[in-house]
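Peer 1: Have a look at this one before I ask anything.
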Amino acid sequence: MLEDQAEEEDEDEPELEALVTRANALFPENTVEQLVKELKQQGLTAFLKTHAIDEDGSERRDFSILHFLVALGILIPKSLRDTAHTPRSVHLGILKAALDRLLQRRSKLPQYNTVDDALQLLRTAPPESIIVLSGAGISTSCGIPDFRSKDGIYARLQESGQYDLDDPQDMFDKELFLYSPSLFYSFAAEIYPSNFTPSPSHKFIRLLETRRLLLRNYTQNIDTLESLAGITRVLACHGSFATASCVTCAFKCEGRKIERDIMERRVPTCPECEKRSSSQQQTQAHKKAKKHKNGRRSSSSYSDEEEHDDGKRTGILKPDITFFGEKLSSDFDRHLASDRSRASLLLVMGTSLQVAPVSSVVGHLPHDVPVVLINRTPVLHIGVDLMLLGEADLIVRWLERRLGWNPIEAGTAKAQEAKTAQGHSGSPGPGLGPTSSSPLTSMPSSDAAEEIDLDAIEPKRWKDSHIWLFPGADVTALESMEESQAEEEEEREEEEEGHEDVAAEQGKEDQEARKGDSEAAERRQQRDGDDDAEHAVIAVDGERGQSESREAKRARRQ
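1 is the number of the first residue of the sequence shown in the working numbering; add one for each residue after it.
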């Protein structure tokens, strides 16, 4: 990183001191605090337009990006500090990265701490102002495994040993797909959304929409269950199986067109590329025949295996799910920019907020918009205002009961239309590894939440905090955090005791030193006294001798 590079450089102290002094003069501490506050309320784009860049994208003359970075505590290498020779775009890029990092440092709002606060936020939300950010945790009860849990897709890929992968996430790597699409299609049936029905969590989001409270559902899921639930205000951030596209010519088709290929573990090919390939073959054959007729041999040949010179396959259809190495749709940034000013509440459901850039939604909304988490496990790396931990399906049904909202079914005309269009008629493929004998549909059903007496549920508060535990809550991370905090506190106490012991020992040494100095002073004083007495005796003896000498002289004269 640039900061690490800057720290390793040998600094010219006067030059660095002058840079810091200038930065502090242009951006005093209170000014920096105010600017950071504005950033968290306005968002990155608006902040840059307000303070840092002009309409043409150039740096404003009254705002020094370099000195603002230094005032934020960010030091860049000396080679990039020369504004005369460093393009402004470089400093602007560093600033954007630094501000984005600041946006993710969201602090908890202190006024929200209880389940009643969560109910009140839902009850009083203005129309079309609730954003829902949903993840795989709201689909697991439908029989669809999540990705990152201990029993999720990545763990099962790792344990199965069926695929030669250095990292289970490589299954969704775009580069690997282009070189070996058969690897993905040997596995895709495991996650294909076939014969599944929406969960109570999906229905809760649909209920928010029917009550005109939902602003938008940003989903990380690729299973299309939001559409099956009838939710229309939904953005599939990571794409879905609803459509598929050619990796070569961008031909697009409905996802059901490749369903059979997926279920039979076959690589689907692009019909448009096949047409062109057939036409090229005919042209090549015609040219070859013509050359043979003229007595010349063809130096070119056509390979049936469509691929680039570097070995990448071409003419392959890929589900429109976002792989690692691919950018999100531009719809994500566009909707987030327009939605941020209208949001009154963010509900985070069934996700641990580990995957960027969707996880950054929390930081990019105004930081005074309350955030409520509904998930089995806590989120500890970003400030969440309320955590309702447990089975998401059960929690949302409990909220509905307390709010007096009547649950809805997902069998709307819109849902049936979506189901027909997406071709959800197949059956899921076999499971991975040890569970291969059991289909995915054998996982817990969303009906499990129906069997619990909601009125008997009393959420338990964790350590007088903003965290509330419902059935199914996983508090392992909380316990680990508590242990770590206890260890840190013990280390601090030991360190303080060590400082006290050192101070006491130093005090003892100082006291002994003072005592030694005092005794030495007494000895010097005594020696000085003895010397004075001796001098006095000598003086007396001298006077006596002089007196006797004078008397002897008088006697001789007589």
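C-beta: ideal position from N, C-alpha, C; glycine also.
#1: Judging by CA-CA distance, which residue of S149, T86, S194, V115 is the nearest neighbour of T476?
#2: Once the 5 residues before and after Y163 are set aside, which same chain residues still bring their CB inside 8 Å of it?
#3: Could you compute how far the alpha carbon of H560 sits from the alpha carbon of L26?
#4: Kindly provide the ranges of any alpha helix (DSSP H) runs that are 4 or more residues long and lie completely inside the region 169 to 218, ordered along the chain.
#5: Using beta-carbon positions only, say whether F241 and I153 come within less than 8 Å of one another.
#6: Report buried or exposed for P268, applying the criterion of at least 16 other Cβ atoms within 10 angstroms of its Cβ.
#7: From the DSSP output, which residues share a beta bridge with E254?
#8: With H, G and I counted as helix, E and B as strand and the rest as coil, what does DSSP make of E482?
#9: If contacts are defined as beta-carbon pairs under 8 Å, then F380 and M481 qualify, I think. What distance do you get, rounded to the angstrom?
#10: Span of the beta strand (DSSP E) holding I65?
#11: Name the DSSP beta bridge partners of M387, please?
#12: Hey, could you find the ends of the alpha helix (DSSP H) E153 is sitting in?
#13: Assuming I382 contacts L353 under a Cβ cut-off of 8 Å, what Cβ separation, rounded to an integer in Å, is found between them?
#14: Which term fits C270, buried or exposed, when burial requires 16 or more other beta carbons within 10 angstroms of its beta carbon?
#15: Identify every residue that forms a DSSP beta bridge with A236.
#16: Name the two residues that bound the continuous beta strand (DSSP E) containing K318.
#17: Suppose you measure from the CA of A418 to the CA of S227; what does that come to, to the nearest Å?
#18: Assuming A98 and L69 make a contact with CB atoms under 8 Å, what is their CB distance in whole Å?
#19: Just verifying my parser: in three-state terms, what is the DSSP assignment at G472?
#20: Exposed or buried, T224, counting other C-beta atoms within 10 Å across all chains shown (16 or more means buried)?
#21: On the DSSP bridge list, what partners appear for T31?
#22: Once the 5 residues before and after L113 are set aside, which same chain residues still bring their CB inside 6 Å of it?
#23: Counting only the same chain and skipping the five closest in sequence on each side, list residues whose C-beta sits under 7 Å from that of G325.
#24: In the DSSP assignment, the alpha helix (DSSP H) including L119 goes from what residue to what residue?
#25: If I130 and L214 are in contact, beta carbons under 8 Å, what's the gap, nearest whole angstrom?
#26: On the three-pair Cβ rule with 8 Å, is the region 202 to 219 touching the region 396 to 408?
#27: Which word fits G498, buried or exposed, when buried means at least 16 other C-beta atoms lie within 10 angstroms of its C-beta?
#28: Just the C-alpha distance for D385 and E495, rounded to the nearest angstrom, thanks.
#29: Counting only the same chain and skipping the five closest in sequence on each side, list residues whose C-beta sits under 6 Å from that of K401.
#30: Looking at E391: is its Cβ nearer than 8 Å to the Cβ of P471?
#31: Would Y218 and V361 be called neighbours here (beta carbons separated by less than 8 Å)?
#32: Taking Cβ positions, are M387 and V132 nearer each other than 8 Å?
#33: Answer with buried or exposed for E489, where buried requires no fewer than 16 other C-beta atoms within 10 angstroms of its C-beta.
#34: Does K49 come out as helix, strand or coil in the three-state DSSP assignment?
#35: Taking buried to mean at least 16 other C-beta atoms within 10 Å of its own C-beta, is C273 buried or exposed?
#36: Nearest-angstrom Cα distance between G43 and S338?
Peer 2: Short version:
#1: As a first step, residue 476 is located in the sequence shown; it is residue number 476 there, counting from the start. In terms of CA proximity to T476, S149 leads the group S149, T86, S194, V115.
#2: One-based indexing of the sequence shown puts residue 163 at position 163. Only residues of its own chain outside the window of five on either side were considered, and among them L157, M171, L183, S186, F187 have a CB closer than 8 Å to the CB of Y163, listed in chain order.
#3: Residue numbering for the chain in the displayed model covers 1 to 558; residue 560 lies beyond these limits and cannot be assessed.
#4: Taken in chain order, the unbroken stretches of alpha helix (DSSP H) that lie wholly in the region 169 to 218 and span 4 residues or more are 174 to 179, 181 to 185, 200 to 210.
#5: Here residue 241 refers to the residue found at position 241 when the sequence shown is read from its first residue. Here residue 153 refers to the residue found at position 153 when the sequence shown is read from its first residue. Contact check for F241 against I153 fails: the beta carbons are separated by 8 Å or more.
#6: As a position in the sequence shown, residue 268 is number 268, starting the count at 1. Label assigned to P268: buried.
#7: As a first step, residue 254 must be located in the sequence shown, where it is residue number 254. T243.
#8: Counting from 1 along the sequence shown, the entry for residue 482 is found at position 482. Per DSSP, reduced to three states, the secondary structure at E482 is helical.
#9: As a position in the sequence shown, residue 380 is number 380, starting the count at 1. As a position in the sequence shown, residue 481 is number 481, starting the count at 1. Position check: residue 380 holds Leu in this sequence, whereas Phe was assumed. Contact flag correct, Cβ pair sits at about 6 Å.
#10: Counting from 1 along the sequence shown, the entry for residue 65 is found at position 65. Looking at the DSSP string, I65 is not in any beta strand (DSSP E); the run it does join, the alpha helix (DSSP H), is 65 to 71.
#11: In the sequence shown, residue 387 corresponds to position 387, counting from 1. Answer is L373, I467.
#12: Sequence index remark: in the sequence shown, residue 153 carries index 153 (1-based). A quick correction: the sequence has Ile, not Glu, at residue 153. For I153, the enclosing alpha helix (DSSP H) starts and ends at 153 to 160.
#13: Here residue 382 refers to the residue found at position 382 when the sequence shown is read from its first residue. Here residue 353 refers to the residue found at position 353 when the sequence shown is read from its first residue. For a cut-off of 8 Å, the C-beta gap from I382 to L353 is around 7 Å, short enough to register as a contact.
#14: One-based indexing of the sequence shown puts residue 270 at position 270. The residue is buried, with at least 16 neighbouring Cβ atoms inside 10 Å.
#15: Residue mapping note: residue 236 aligns to position 236 of the sequence shown, counting from 1. Per DSSP, the beta bridge partners of A236 are T219.
#16: The sequence position of residue 318 within the sequence shown is 318, counting from 1. If you look at K318, you'll find it in the beta strand (DSSP E) that goes 317 to 321.
#17: Here residue 418 refers to the residue found at position 418 when the sequence shown is read from its first residue. Here residue 227 refers to the residue found at position 227 when the sequence shown is read from its first residue. Because A418 carries a pLDDT of 49, less than 50, the predicted location of this residue cannot be relied on, and no value is offered for it.
#18: What you label residue 98 is simply residue 98 of the sequence shown in a count that begins at 1. What you label residue 69 is simply residue 69 of the sequence shown in a count that begins at 1. Contact between A98 and L69 holds, with the beta-carbon distance rounding to 6 Å and staying under 8 Å.
#19: As a position in the sequence shown, residue 472 is number 472, starting the count at 1. Residue state for G472 is assigned as coil, using DSSP reduced to three classes.
#20: Stepping through the sequence shown from its first residue, residue 224 is reached at position 224. By the Cβ-count criterion, T224 is buried, with 16 or more other Cβ atoms from all chains shown falling within 10 Å of its own Cβ.
#21: Stepping through the sequence shown from its first residue, residue 31 is reached at position 31. Bridge partners of T31: none, in fact.
#22: As a first step, residue 113 must be located in the sequence shown, where it is residue number 113. Note that residue 113 is Asn in the sequence shown here, rather than Leu. Taken in chain order, the residues that qualify are H466.
#23: Taking the first residue of the sequence shown as 1, we reach residue 325 at position 325. Counting only Cβ-Cβ distances below 7 Å, and skipping sequence neighbours, we find D173, K174, E175.
#24: Position 119 of the sequence shown holds residue 119. Looking at the DSSP string, the run of the alpha helix (DSSP H) that includes L119 is 115 to 123.
#25: In the sequence shown, the residue the question calls residue 130 occupies position 130. In the sequence shown, the residue the question calls residue 214 occupies position 214. The C-beta separation of I130 from L214 comes to about 6 Å, placing the pair in contact by the 8 Å criterion.
#26: Short answer: they touch.
#27: In the sequence shown, residue 498 corresponds to position 498, counting from 1. Exposed.
#28: Taking the first residue of the sequence shown as position 1, residue 385 is located at position 385. Taking the first residue of the sequence shown as position 1, residue 495 is located at position 495. In a straight line, the C-alpha of D385 is about 33 Å away from that of E495.
#29: Indexing the sequence shown from 1 puts residue 401 at position 401. Position check: residue 401 holds Arg in this sequence, whereas Lys was assumed. Beyond the five residues adjoining it in sequence on each side, R401 comes within less than 6 Å, by CB distance, of L454 in the same chain, given in chain order.
#30: Numbered from its first residue, the sequence shown carries residue 391 at position 391. Numbered from its first residue, the sequence shown carries residue 471 at position 471. Yes.
#31: Along the sequence shown, one-based indexing puts residue 218 at 218. Along the sequence shown, one-based indexing puts residue 361 at 361. In this structure, V361 lies closer than 8 Å to Y218 by Cβ.
#32: The count along the sequence shown starts at 1 and reaches residue 387 at position 387. The count along the sequence shown starts at 1 and reaches residue 132 at position 132. Result no, Cβ atoms of M387 and V132 do not sit closer than 8 Å.
#33: Reading the sequence shown from its first residue, position 489 is the one you call residue 489. Answer is exposed; the Cβ neighbour count stays below 16.
#34: On the sequence shown, residue 49 is found 49 positions in, with the first residue counted as 1. The answer is helix: DSSP assigns K49 an H, G or I state.
#35: Looking up residue 273 in the sequence shown gives position 273. Using a 10 angstroms sphere on the CB of C273, the tally of other CB atoms reaches 16 or more, which defines it as buried.
#36: Your numbering for residue 43 matches position 43 in the sequence shown. Your numbering for residue 338 matches position 338 in the sequence shown. For the pair G43 and S338, the Cα-to-Cα distance works out to about 11 Å.
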